[in-house]
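Just so we're aligned, residue 0 is where the sequence shown starts under numbering that gives the first Met the number 0, counting upward by one.
We treat Cβ as the ideally placed atom computed from N, Cα and C, and that holds for glycine.
For clarity, every value in this text was computed on a predicted model and none was experimentally measured.
Contents: one structure, followed by commentary.
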Amino acid sequence: MTNHLSGGKANIALLQEWIRSELLTLVDKCDGNKVIVLDDELNGPIGLVAKSTDLQAHGITNAFILRSGRLPSSEARNVIFITRPVLRLMDIIAENIHGEERSKVRREFHIIFAPRKSLLCEKRLKNKGVFGNLSFIEELPCDIFPFDSDLMSMELQYAFKEYQLESDPSALYQAAQAVMTLQRLYGVIPRVCGVGAAAQQVWQLMTRLSLAVSTPAPPLSHIDQLLLLDRAVDPLSPLTTQLTYEGLIDEIFGIINNTVHVPA
């Protein structure tokens, strides 16, 4: 566990350890040397929960970013794609697999969807003629990522646009799943408050999901209260200037996945 995550009332390192354990369990499903090919949007978040040494200890010899064209050369027999369920990414994966077939190098291909599988994506892989090349298709339920002892993020930068402008409620379902994960690790939250229509929808989804939960939550809750806030109720707060040192660094250079790149 990471020390900086365990200093708050709720031990956020538990979330990190749980996601890492789920990821490594999936990686261990294929024997021998492996490379992982990461969706660029997942590269940073996955790095928050699993160090390169963790991956190497489980047979990962290299990690690449998902790009169109041929895969980088590697002697590993297993290629594990870790990707969001996005249709355009399925096209790139299909292109990668077809490229390896033409090279006549014998490989086994696997896909781990994060945070969950998509029937549309599986259908796209079938249409592209590569579904039969996949040894397994699994899902990594990483709906929320740990950043600090008092900070977690779902890393859904387009959630507001998708829900408000495109009427796509997928982010609300993922938010409900994220809360269910927290309750599984830290106990049932006794008090839930919400403001706005989206908050009400998330609460309704949580209620529905709780009926299907088979694993009991810890008897003692480490979280006293949950506030669900629909961003549409208060759209101006994110536009204000940050006035802490960390906030100013974020404004000027940008902090992404706990990392800032400062020019020399």
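Quick one: what's got a C-beta closer than 7 angstroms to residue i's C-beta in the same chain, skipping five residues either side?
i	result
E99	L70 and R106
S220	Y185, G186, V187, I188 and P189
Q163	A231
F159	R230
A175	V201, L204, M205 and L208
A177	D142, I143 and M153
With a 10 Å radius around its C-beta and 16 neighbouring C-beta atoms as the bar for buried, classify residue i as buried or exposed.
i	result
Q15	buried
A211	exposed
N126	exposed
L88	buried
Q241	exposed
A9	buried
L235	exposed
A56	exposed
D142	buried
V261	exposed
L119	exposed
D38	buried
V104	exposed
R150	The question names Arg, but residue 150 is Leu in the sequence shown. With fewer than 16 Cβ atoms within 10 Å of its Cβ, L150 is classed as exposed.
Do you know how far the Cα of residue j is from the Cα of residue i?
i	j	result
V232	G128	45 angstroms
A170	I248	28 angstroms
T214	L204	18 angstroms
S117	A263	43 angstroms
I81	F112	6 angstroms
S73	H97	16 angstroms
V78	I18	20 angstroms
Y172	L65	26 angstroms
G63	M179	Note that residue 63 is Phe in the sequence shown here, rather than Gly. Looking at the two C-alpha atoms, the distance is approximately 31 angstroms.
D27	R83	20 angstroms
P237	G43	22 angstroms
V68	G7	For the record, residue 68 in the displayed sequence is Gly; it is not Val. Their Cα atoms are separated by approximately 45 angstroms.
A75	N32	5 angstroms
E165	L181	28 angstroms
A197	Q156	16 angstroms
D167	E154	17 angstroms
P218	S152	25 angstroms
D53	Y244	33 angstroms
E161	N95	29 angstroms
V36	L13	26 angstroms
N61	G246	34 angstroms
S51	E40	17 angstroms
S102	A49	31 angstroms
Looking only at its own chain, which residues have a Cβ that is under 8 angstroms from the Cβ of residue i, when we skip the five neighbours before and after it?
i	result
G193	Q199, V201, W202, L226, L227, L228 and D229
Q224	I188, P189, R190, V191 and C192
L47	Q15, F144, P145, F146, N256 and N257
V259	I248, D249, F252 and G253
L139	I18, E21, L22, L25, I81, I111, F112, A113 and P114
H109	K28, C29, N77, V78, I79, F80, L133, S134, F135, I136 and E137
Tell me which same chain residues have a C-beta within less than 6 angstroms of the C-beta of residue i, skipping the five on either side of it?
i	result
I11	L4, P145 and S148
R123	L86 and M89
A270	A question about residue 270 goes unanswered here, because the residues of the chain that appear run from 0 up to 263.
V121	One point to set straight first is that residue 121 is Glu, not Val, in the sequence displayed. There are no such residues.
G58	N32 and K33
Can you tell me which residues form a DSSP beta bridge with residue i?
i	result
H109	I79 and F135
V259	I254
G193	L227
P145	M151
Looking at residue i and the ligand COA, is the gap between the Cβ and the nearest heavy atom below 7 angstroms?
i	result
D233	Inclusion of the ligand COA in the displayed structure is not the case, the ligand content being empty and no account of it being possible.
Scan the stretch 6-88 and note each continuous beta strand (DSSP E) run of 3 residues or more that stays entirely inside, going in chain order.
Complete beta strand (DSSP E) runs here, min 3: 33-37, 59-64 and 77-82.
List in chain order: all unbroken alpha helix (DSSP H) runs of 4+ residues lying wholly within the stretch 147-174.
DSSP runs (the alpha helix (DSSP H)) wholly in the stretch 147-174: 158-163.
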